[in-house]
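Novice:
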C-alpha cells in the first residue's frame, strides 16, 4: 500500500521549491524575442507556461510583465469593411483603454479608419515597442489630417517602432529618442526621411521599393547605426525588395549588415557603400533572391579588406572563376579577411565539379588555420544545390581526412549536398554512387549530416 501511494504522490521537482519571484524572472527570460501575428501562441511563453502544472500556471498569471503585449488586427485585410471588422475593432478599443497605461508592446495591423477612431488619444506611458501596419486596401487621409495623434503622452520609454506602409509623416511620435526602427513597403525617399528624423538609431531595417531616388546623388550620413538590414517584405505579399537604399547612405559605425531576399542585388552598389562607409563591419549576410551577382563582390579589394568575423553568403553561383580564387586568397593571404572566424556558403548553385569544391574547401580551412597573422576559422558551412547536369566528380580521401582532423580539433564543420532536377525540384542528397559513398564516409567521420 505504501509503495502504491508513493507512486500516486506528486513527483517532487527541485524547481518547484524556488521562490515565486525567482520563477517569475525565469519565466520572463522564456518570452520569445520576436512574434509575428500570433502574440498569444499556445506553443510559446506565456501561454505555454500555464500548461505545465498548476503551480506554474498560478505564477504565470500573477506575473503581469508576461502579459504586456497587445495585438489588434483585421481578420481579413481586403474585405475588412464588408465583414464587420471595423465594428469588431470598436469593441476592442475599450479593452485596450483599460490596460493602456500598462502596455509595453502594442501591435496594430488595421485599416486607417480604425486608427482615426482612436479618440481621445491613448495614454500608453509604459510603451516600449510599437508596430503599426496599414492594410494595403486602406483609404487615404488628406494631408491636413496628418500626422495622426494616437498618443496623449510623450512616450518616454518608447525605443522601437515598426511601420508598414506608413511614412513618418503619417504619425506623431518622439522620433528622436528611437534606437530601433523598421520601415516596410517604403520608397527610398521614405527611408532617407526616417534616417534624418532619428539621429539616435542603433538598429535599422528597410523593405523598400525601387523609385526615382536611385537617380539622385543624395547621400545621407548617419553616425550611429550599428546594425542595418535591407530585406524583402516582412508581413504583406508585396514586392518591396530593393537594395537601392545602400546607394544613398553612409554608415561609418556599422557592425552588422544583412541583405535578405532583395530582387536587384548589385555588387557595385554594395562595394561603393562599403568603401564609402569604411565601417568596422563584423558580420555580413548576403542573401539575394537570385545569386548571379553575389560572387562578383567577394573578390573585390574593398571586400577582402573588411574586418569581418562572420560571413554568410546565400545562393552564390559557383564556378571556376570565383570560389576557387576566393578560397586561394583566404588560404594564402593573411590580409584577406584577416579577422574571419565563421564562413558559410548556403544554397550554392554549382557550375563546376562538386568534388573539386569540397577538396578546395578542405585545403582552404587547413591552410588558413596555419596561416600567421589572421584569426583561426572556427566554423565552415557548405550547403549546395548540385545541378542535374553537373558533374559530381570524386570526393577524395584527402578531403575527408582533412575535415575529420578539423572536426577533432574542435572546429564546426557542416557540409550538405542536394541534387536539383531539370525543373528545379530538390531531390535530396542522392548523387552518383561514388560520391554518395564518399559523402557517407565523411558523414561517419564528422558525426553529423552531410
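In the working numbering, the protein residues as written are 1 to 450.
Where is the CB? At the ideal position from N, CA and C, for every residue including glycine.
Give every residue of the same chain whose Cβ lies closer than 6 Å to the Cβ of residue 182, excluding the five residues on either side of it in the sequence, and list them in chain order.
Specialist: In the chain shown, the residue the question calls residue 182 occupies position 182. Contacts found: 162 and 205.
Novice: Can you name, in chain order, every residue of its own chain whose Cβ lies under 6 Å from the Cβ of residue 82, other than the five neighbours on each side?
Specialist: For this step, residue 82 is matched to residue 82 along the chain shown. Only weak support is given to the placement of residue 82: the predicted model assigns it a pLDDT of 34, under 50, and the value that follows is read from those uncertain coordinates. Taken in chain order, the list of residues that qualify is empty.
Novice: For residue 194, I'd like the list of residues in its chain whose CB is within less than 7 Å of its CB, leaving aside the five on either flank, ordered along the chain.
Specialist: The residue you call residue 194 lines up with position 194 of the chain shown. The answer, listed in chain order, is 168, 181 and 183.
Novice: Considering Cα atoms alone, identify which of 126, 152, 58 and 284 is closest to residue 314.
Specialist: Here residue 314 is taken as the residue at index 314 of the chain shown, counted from 1. The candidate whose alpha carbon is nearest that of residue 314 is 284.
Novice: Going by DSSP, which residues form a beta bridge with residue 285?
Specialist: The residue labelled residue 285 in the question sits at position 285 within the chain shown. Answer is 258 and 312.
Novice: Using a threshold of 8 Å, state whether the C-beta atoms of residue 174 and residue 152 are closer than that.
Specialist: The sequence position of residue 174 within the chain shown is 174, counting from 1. The sequence position of residue 152 within the chain shown is 152, counting from 1. Not a contact, by the Cβ cut-off of 8 Å.
Novice: With DSSP as the reference, label residue 342 as helix, strand or coil.
Specialist: Sequence index remark: in the chain shown, residue 342 carries index 342 (1-based). Residue 342 falls in the strand class under three-state DSSP.
Novice: Mind checking residue 359: buried by the 16 CB within 10 Å criterion, or exposed?
Specialist: Mapped onto the chain shown, residue 359 falls at position 359. Buried, by the Cβ-count rule.
Novice: Could you tell me which whole beta strand (DSSP E) segments of length 3 or greater appear in the stretch 147-172?
Specialist: Correct list: 160-164.
Novice: Beta-carbon within less than 6 Å of residue 344's beta-carbon, same chain only, minus the 5 sequence neighbours each way: which residues are those?
Specialist: As a working note, residue 344 is residue 344 in the chain shown. Hits under 6 Å: 312 and 381.
Novice: Whole angstroms is fine: what's the gap from residue 22's alpha carbon to residue 149's?
Specialist: If you number the chain shown from 1, residue 22 lands on position 22. If you number the chain shown from 1, residue 149 lands on position 149. Roughly 40 Å separates the two Cα atoms.
Novice: Do you know offhand how far residue 189's Cα is from residue 302's?
Specialist: Locating residue 189 in the chain shown gives position 189, where the first residue counts as 1. Locating residue 302 in the chain shown gives position 302, where the first residue counts as 1. When rounded, the distance between both Cα atoms is 27 Å.
Novice: Does the Cβ of residue 408 have 16 or more other Cβ atoms within 10 Å, making it buried, or fewer, making it exposed?
Specialist: As a working mapping, residue 408 is identified with position 408 in the chain shown. Exposed.
Novice: Which term fits residue 178, buried or exposed, when burial requires 16 or more other beta carbons within 10 angstroms of its beta carbon?
Specialist: Position 178 of the chain shown, counted from the first residue, corresponds to residue 178. Result: buried.
Novice: Give the DSSP bridge partners of residue 183, in chain order.
Specialist: Taking the first residue of the chain shown as position 1, residue 183 is located at position 183. Per DSSP, 163 and 206.
Novice: Can you pull the DSSP bridge partners for residue 348?
Specialist: In the chain shown, residue 348 corresponds to position 348, counting from 1. For residue 348, which the question treats as bridged, DSSP gives the partners 384.
Novice: Helix, strand or coil for residue 80? Go by DSSP, reduced to three states.
Specialist: One-based indexing of the chain shown puts residue 80 at position 80. For residue 80, the predicted structure reports a pLDDT of 39, less than 50, and the residue's modelled location is therefore unreliable. The matter cannot be settled from this model.
Novice: For residue 334, count neighbouring C-beta atoms within 10 Å of its own C-beta (all shown protein chains included) and say buried if the count is 16 or more, exposed if not.
Specialist: Translated into the one-based positions of the chain shown, residue 334 becomes position 334. Answer is exposed; the Cβ neighbour count stays below 16.
Novice: Give a single yes or no on whether residue 252 has its beta carbon closer than 7 Å to a heavy atom of the ligand ADP.
Specialist: With respect to the ligand ADP, the structure shown offers nothing to examine, as it has no ligands at all.
Novice: What do you get for residue 187, buried or exposed, if any count of 16 or more other CB atoms within 10 angstroms of its CB means buried?
Specialist: Position 187 of the chain shown holds residue 187. Burial call: buried.
Novice: Using a Cβ-Cβ cutoff of less than 8 Å, which residues in the same chain neighbour residue 367 once the five nearest sequence positions on both sides are dropped?
Specialist: Counted from its first residue, the chain shown places residue 367 at position 367. Excluding residues within five positions, the ones whose Cβ falls inside 8 Å are 331 and 332.
Novice: In the DSSP assignment, find the alpha helix (DSSP H) that holds residue 329 and state where it starts and stops.
Specialist: Indexing the chain shown from 1 puts residue 329 at position 329. Here the alpha helix (DSSP H) through residue 329 covers 323-332.
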